[in-house]
Each structure stands twice: as structure tokens, then as C-alpha cells.
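To start, the structure under review is shown below, and the notes come after it.
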Amino acid sequence: MNPIIQEITAAQVKHKIAPFKVGDGVRVHTKVREGDKERVQIFAGVVIAHKGSGIHENFTVRRISYGEGVERVFPVNSPNLEKIEVEKEAEAGKARLFYLRDRSGKAAMAVKEKRYDASAAKA
């Protein structure tokens, strides 16, 4: 990226974001404005893509709602993004999980969960 653009956008980049990766189950808290009121709405699902860097960083979250797949793209540095909670960590075999779009039912959210290693916890 151009160093001039990087310098200008440096103040807008968020640094205190929960570390998450593709395959993780997340809850994204977004600010929603309705008239003069503002509230927080939660969108929970599986991260199927994470791309970009700096101010242009985006991630896509997919969930099944009433039998239909719903995807939403969130800019990481958006002022409307309040916080990201990682519910479930997973080990994705690929960088993008677009193959989940073709699946239905429980299989549509099936990503290999991260295994807990007891020997590493003792060290």
C-alpha cells in the first residue's frame, strides 16, 4: 500500500480486536441506528473468509437462519463494529470456506474444532 495512504489511515485502524481466524465461530456486535436511537445487534456465525490489510481489512460471517444461509461482510475497522467475540475456535484446512455454501443442515456449519492438548497446558 502507498505509504502516504498508510500514514493517513493509521489513526482509523483498530488495534484492539479479538484475534480470530477463518473457521472460528464468532459473535459480531454492530451498532444499528433507527431514527434517533442506537442499539447493538449481534450477528453470530462462522467466519468463512478474511481478507485485506490495514484499513481495507474485511471478514465474512455465515450463519443459517430459518433454513436459509445468510452471509454478511464486515469491515474490521468500521466505527459501527463494537466488538468481536470468539465463541468457538476451529482449525480450517483452507483460507476460504466457500464450500460451506453448498452444504445444508449441521454440515453447513461443520468445521474441524481445535483440539485441546493437555500436555501443552501443563507446560
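Under this note's numbering, think of the first position of the sequence shown as 23, with each following residue one higher.
By construction, the Cβ of each residue, glycine as well, lies at the ideal position given by its N, Cα and C atoms.
Cα atoms of K53 and K105: separation of roughly 10 Å, rounded to the nearest angstrom. N102 has its alpha-carbon roughly 26 Å from the corresponding atom of N24.
For Q63, the enclosing beta strand (DSSP E) has its first and last residue at K59 to K73. Under a 10 Å Cβ-count criterion, I70 is classified as buried, with 16 or more other Cβ atoms of the shown protein chains found around its own Cβ.
Boundaries of the beta strand (DSSP E) around I106: L103 to K110. For E93, the enclosing beta strand (DSSP E) has its first and last residue at E90 to P97. Note on R94: under 16 other CB atoms within 10 angstroms of its CB, so exposed under the neighbour-count rule. In this structure, the alpha-carbon of R118 lies about 27 Å from that of A32. G57 sits exposed, since fewer than 16 C-beta atoms from the chains shown fall within 10 Å of its C-beta.
Exclusion of the five residues before and after G91 leaves R84, R123 and A130 as the residues of its chain whose Cβ lies within less than 7 Å of its Cβ. Exclusion of the five residues before and after Q34 leaves I77 and N99 as the residues of its chain whose Cβ lies within less than 8 Å of its Cβ. In this structure, E135 sits near K110, with a CB-CB distance shorter than 8 Å.
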